[in-house]
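Line by line, the protein sequences are chains S and U.
The first sequence begins at 15 in our numbering and counts up one residue at a time.
The second sequence begins at 62 in our numbering and counts up one residue at a time.
Glycine included, every Cβ here is placed at the ideal spot set by N, Cα and C.
Notes follow once the structure below has been shown.
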Amino acid sequence: MPEQRPTPSRRGGRARRAAALAGAAALGAVLATGCSQAAGSPAAGGAGTAGAAPANATAASALPPSVPDRIEIPDLKVDAPLDTVGLDAQGVMQEPDFAKPDDAAWYKDGPTPGEPGAAAIVGHMDTPRAPKAVFFNLKTLKRDEKIEVHRVDGTTAVFAVDEVGTYKKDAFPTDKVYGDTHGSAALRLITCGGNLTADRHWDSNVVVYAHLTGRA
Amino acid sequence: MRKTATLAAVALVSALALGSAVPAFAADASPSPAASHSPGTDEGSASLRLSVSSGTPGDTVGITVKAPQGSTALSVSSKALEDVRIGPAGDGTWTGTAKIARVGHGAYGVSLTGTGPDGAKLQAGDRLTVKTDTPPPAPVSSLKLSADHGRPGDRIGVTVKTAADVKSAYVSSDAFGGKVDLKNDGHGTWTGTAVVAKDVKTGYYGVHAFAGGKEFDTVKFSTQAGGGAARDVKPVTPLKPSEHKKPKGSVNTGQAPAGSLPAAPADHA
């Protein structure tokens, strides 16, 4: 598996659009943290506004429901298509498709990213055939770093990271991750982490908590 | 662990401990008027008897030895006994005690050896069953797969090791389309080849291992469906909030490649 995914052809348009989001005051404060890789990312560089906030972003506290189809995390150089996952027979979230280690997956039995509630997107950290899968670096995200979720209605829900937690799988804080957000639009990115078990699985989940800051 | 008491030495220790004279073992070296044995092993003229046939570690066991007077180098030994103390009781009889040692559950031999007054070797024995709270460990069986992941059609080597007397062993998994029979080498090693099922879906499967008709282990086996088949081709529409479902607990989102140590994600800032 290639360690850096080829950039999908559709990415250019979205990237330029994301780059053009500079200026929204609320978002500007978020992006002012300025991650080093943001300047070099296609999203920022395409419009010649490295480090600037998207120009046409508007602050938003919630968006109408719309199915997501792509996620971008500029600071991690993640730009991935979104599949979907549901629940298995035991009510546990299905694992993302092992055959698509570079894809992430939206949990389709929950809110869409941007609408009120805790939307969840999961992705592999690694697979038997992919040492570095789509969310390999997820746990290195930092507060206020940006996550963009593109949706089929043409909008992009922009989120800012609040915190990153790592939890043993047998002590997973279900309510904190998936529970009531009291009307706010939240996003959870989930992958594996912690320590390897004897069968080379991971004993923990890494959870990124983020809140909606705007739309583009 | 084996504890041995040479009776003469025990008698001397006992005499010193008690502050009294114990003549018996000084007398051991002297000829016994009753002894009349030809050189060689003489099992018939010596006997060893324990006061109990079973006990638990720490229990005291009474010991009675009968041997020709004048016998020497009498020794009571057993892996199951410790702190053996014996003294002469006269008339060719020695009595004493020992404690049952902290050994595993099971039956142990207790042996008496020595030399008769005529130079003949003396031997006798008894049995002691030690009972412990923990049952004897069951024979350990193990399961090993040549790979813990595969695609449809992949051949996976299966090795099961059992006790030699186990009559059957096999594995079963939906990843392999059901039961996979194994062949025995006659020494408790069972081998076979499983083939990843054509209709397997991407995900985790359990591989269940059976020996002697009982399941003894389950291991995970991850699969990748052929061609990366999409699992959900139906158009997805957002659910109403009232239809949202909260997942239970954690989610599996990783498995490290075989034979490689995990690399720590680098800090990007």
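Inset, instruction - Taking only beta carbons into account, state which residues of the stretch 202-233 of chain U come closer than 8 Å to chain S, listed in chain order. - result: D209, H210
Legend entry - Rounded separation between K306 of chain U and L203 of chain S - CA only: Within the second sequence, the letter at position 245 stands for residue 306 of chain U. Within the first sequence, the letter at position 189 stands for residue 203 of chain S. Using only the alpha carbons, I get a separation of about 17 Å.
Inset, instruction - With T188 of chain S as the anchor, note down where its alpha helix (DSSP H) starts and where it stops. - result: Taking the first sequence and counting its residues from 1, the one referred to as residue 188 of chain S is at position 174. Start and end: 188-192.
Inset, instruction - Would you identify the three-state DSSP class for F16 of chain U, choosing helix, strand or coil? - result: For residue 16 of chain U there is no data in the structure shown, the boundaries of chain U being 62 and 330.
Legend entry - Between the CA atoms of K259 of chain U and T250 of chain U - distance to the nearest angstrom: One-based indexing of the second sequence puts residue 250 of chain U at position 189. One-based indexing of the second sequence puts residue 259 of chain U at position 198. Cα to Cα, T250 of chain U sits roughly 28 Å from K259 of chain U.
Inset, instruction - Would you list the one or two residues that DSSP bridges to R202 of chain S? - result: Counting from 1 along the first sequence, the entry for residue 202 of chain S is found at position 188. Bridge partners of R202 of chain S: S:A134, S:Y223.
Legend entry - Nearest-angstrom Cα separation, counted from E304 of chain U out to A200 of chain S: The residue labelled residue 200 of chain S in the question sits at position 186 within the first sequence. The residue labelled residue 304 of chain U in the question sits at position 243 within the second sequence. Whole-angstrom Cα-Cα distance: 18 Å.
Legend entry - Cutoff 7 Å; reference T98 of chain S; Cβ partners in own chain excluding five residues on either side: Walking along the first sequence from the start, residue 98 of chain S turns up at place 84. Excluding residues within five positions, the ones whose Cβ falls inside 7 Å are A119, W120, K122.
Legend entry - Reference S311 of chain U; option with closest CA among S:P79, S:D111, S:P115, S:F186: Here residue 311 of chain U corresponds to residue number 250 of the second sequence, with the count starting at 1. The shortest C-alpha separation from S311 of chain U is found at S:F186.
Inset, instruction - Determine the extent of the beta strand (DSSP E) in which P95 of chain S is found, giving its start and end residues. - result: For this step, residue 95 of chain S is matched to residue 81 along the first sequence. P95 of chain S -> beta strand (DSSP E) spans 92-99.
Legend entry - chain U residues whose Cβ lies nearer than 9 Å to that of L101 of chain S: Working through the first sequence from its first residue, we reach residue 101 of chain S at position 87. Correct list: K306, P308, K309.
Legend entry - Cutoff 8 Å; reference T169 of chain S; Cβ partners in own chain excluding five residues on either side: One-based indexing of the first sequence puts residue 169 of chain S at position 155. Only L77, S80, G128, R229, A230 meet the Cβ criterion.
Legend entry - Residues near T141 of chain S by beta carbon distance below 6 Å, same chain, minus five either side: If you number the first sequence from 1, residue 141 of chain S lands on position 127. Once the five neighbours on either side are set aside, the close Cβ partners of T141 of chain S are F112, P115, A147.
Inset, instruction - Following the continuous beta strand (DSSP E) through G151 of chain U, name the residue where it begins and the one where it ends. - result: Position 90 of the second sequence holds residue 151 of chain U. That run of the beta strand (DSSP E) goes 142-151.
Legend entry - P115 of chain S at chain U interface by Cβ criterion, 7 Å: As a working mapping, residue 115 of chain S is identified with position 101 in the first sequence. Answer no: the Cβ-Cβ gap between P115 of chain S and chain U never drops below 7 Å.
Inset, instruction - With DSSP collapsed to three states, give me the class of A185 of chain S. - result: Along the first sequence, one-based indexing puts residue 185 of chain S at 171. In this structure, A185 of chain S counts as helix in the three-state DSSP scheme.
Legend entry - Closer than 8 Å at the beta carbon, the chain U residues around I204 of chain S: The sequence position of residue 204 of chain S within the first sequence is 190, counting from 1. Within 8 Å Cβ-Cβ: V312, T314.
Legend entry - Delimiting residues of the beta strand (DSSP E) encompassing K228 of chain U: The count along the second sequence starts at 1 and reaches residue 228 of chain U at position 167. No beta strand (DSSP E) contains K228 of chain U, which DSSP labels as neither H nor E.
Legend entry - Straight-line Cα distance separating A236 of chain U from P213 of chain U: Taking the second sequence and counting its residues from 1, one reaches residue 213 of chain U at position 152. Taking the second sequence and counting its residues from 1, one reaches residue 236 of chain U at position 175. Their Cα atoms are separated by approximately 9 Å.
Inset, instruction - Closer than 7 Å by C-beta to K127 of chain U: which residues in its own chain qualify, once you throw out the five before and the five after it? Chain order, please. - result: The residue given as residue 127 of chain U occupies position 66 in the second sequence. Around K127 of chain U: A107, S108, G153, T154.
Legend entry - Check whether K240 of chain U and Y231 of chain U have beta carbons under 7 Å apart: Position 179 of the second sequence holds residue 240 of chain U. Position 170 of the second sequence holds residue 231 of chain U. Yes, the Cβ-Cβ distance between K240 of chain U and Y231 of chain U is below 7 Å.
Inset, instruction - Could you name the residues of chain S that K281 of chain U contacts, counting a contact when the two beta carbons are closer than 8 Å? - result: Here residue 281 of chain U refers to the residue found at position 220 of the second sequence. Simply D213, H215.
Inset, instruction - Pick out whichever of S:G105, S:H215, S:G197 has its Cα sitting closest to the Cα of K183 of chain S. - result: Numbered from its first residue, the first sequence carries residue 183 of chain S at position 169. Comparing Cα-Cα distances from K183 of chain S to each of S:G105, S:H215, S:G197, the minimum goes to S:H215.
Inset, instruction - Check whether the stretch 252-266 of chain U touches the stretch 203-222 of chain U, counting contact only when three or more Cβ pairs, one atom from each stretch, lie closer than 8 Å. - result: yes
Inset, instruction - With a floor of 3 residues, list each beta strand (DSSP E) that falls wholly inside the stretch 152-211 of chain U, ordered by position along the chain. - result: 154-161, 167-176, 182-191, 203-206
Inset, instruction - List the residues of chain U that P125 of chain S touches, going by C-beta distances under 9 Å, in chain order. - result: Here residue 125 of chain S refers to the residue found at position 111 when the first sequence is read from its first residue. Going along chain U in sequence order, the residues near P125 of chain S (Cβ under 9 Å) are P299, L300, P302, H305.
Legend entry - For K192 of chain U and A103 of chain S, the rounded distance between their alpha carbons: The residue labelled residue 103 of chain S in the question sits at position 89 within the first sequence. The residue labelled residue 192 of chain U in the question sits at position 131 within the second sequence. For A103 of chain S and K192 of chain U, the distance between alpha carbons rounds to 47 Å.
Inset, instruction - Taking a Cβ distance cut-off of 7 Å, strictly less, list which residues of the stretch 129-140 of chain S are near chain U, in chain order. - result: G131, V136, G137, H138, M139, D140
Inset, instruction - Have a look at U:A225, U:G274, U:P302, U:H210 and flag the residue whose alpha-carbon is nearest the alpha-carbon of G264 of chain U. - result: The residue labelled residue 264 of chain U in the question sits at position 203 within the second sequence. The option with the nearest alpha carbon to G264 of chain U is U:H210.
Legend entry - Cα-Cα separation between A94 of chain S and G137 of chain S, rounded to whole angstroms: Taking the first sequence and counting its residues from 1, the one referred to as residue 94 of chain S is at position 80. Taking the first sequence and counting its residues from 1, the one referred to as residue 137 of chain S is at position 123. Straight-line Cα distance between these residues: approximately 10 Å.
Legend entry - Interface residues of chain S facing P318 of chain U [CB-CB closer than 9 Å]: What you label residue 318 of chain U is simply residue 257 of the second sequence in a count that begins at 1. Result: D140, T141, P142, R143, A144, P145, R214.
Inset, instruction - Report yes if the CB atom of T120 of chain U is closer than 7 Å to the CB atom of I147 of chain U, and no otherwise. - result: Sequence index remark: in the second sequence, residue 120 of chain U carries index 59 (1-based). Sequence index remark: in the second sequence, residue 147 of chain U carries index 86 (1-based). Just to set this straight, residue 120 of chain U is Asp in the shown sequence, not Thr. The answer is no: Cβ separation not under 7 Å.
Inset, instruction - Alpha carbon to alpha carbon, how far is A317 of chain U from A36 of chain S? Give it in angstroms, no decimals. - result: Numbered from 1 along the first sequence, position 22 holds the residue referred to as residue 36 of chain S. Numbered from 1 along the second sequence, position 256 holds the residue referred to as residue 317 of chain U. Note that A36 of chain S scores 34 on pLDDT, short of 50, meaning its location in the model is unreliable and no value can be drawn from it.
Inset, instruction - Quick one: residues in its chain with C-beta nearer than 6 Å to the C-beta of E86 of chain S, no 5 flanking neighbours on either side, listed in chain order? - result: Residue numbering aside, residue 86 of chain S sits at position 72 when the first sequence is read from its first letter. The answer, listed in chain order, is D93, E162.
Inset, instruction - Could you confirm whether any beta carbon from chain U is found closer than 7 Å to the beta carbon of D81 of chain S? - result: Within the first sequence, numbered from 1, the residue matching residue 81 of chain S stands at position 67. A small correction: the amino acid at residue 81 of chain S is Val; Asp does not occupy that position in the sequence shown. Chain U contact via Cβ: present.
Inset, instruction - Might you give, ordered along the chain, the residues of its own chain that have their beta carbon closer than 6 Å to the beta carbon of P118 of chain U, omitting 5 neighbours on each side? - result: As a working note, residue 118 of chain U is residue 57 in the second sequence. Taken in chain order, the residues that qualify are I161, R163.
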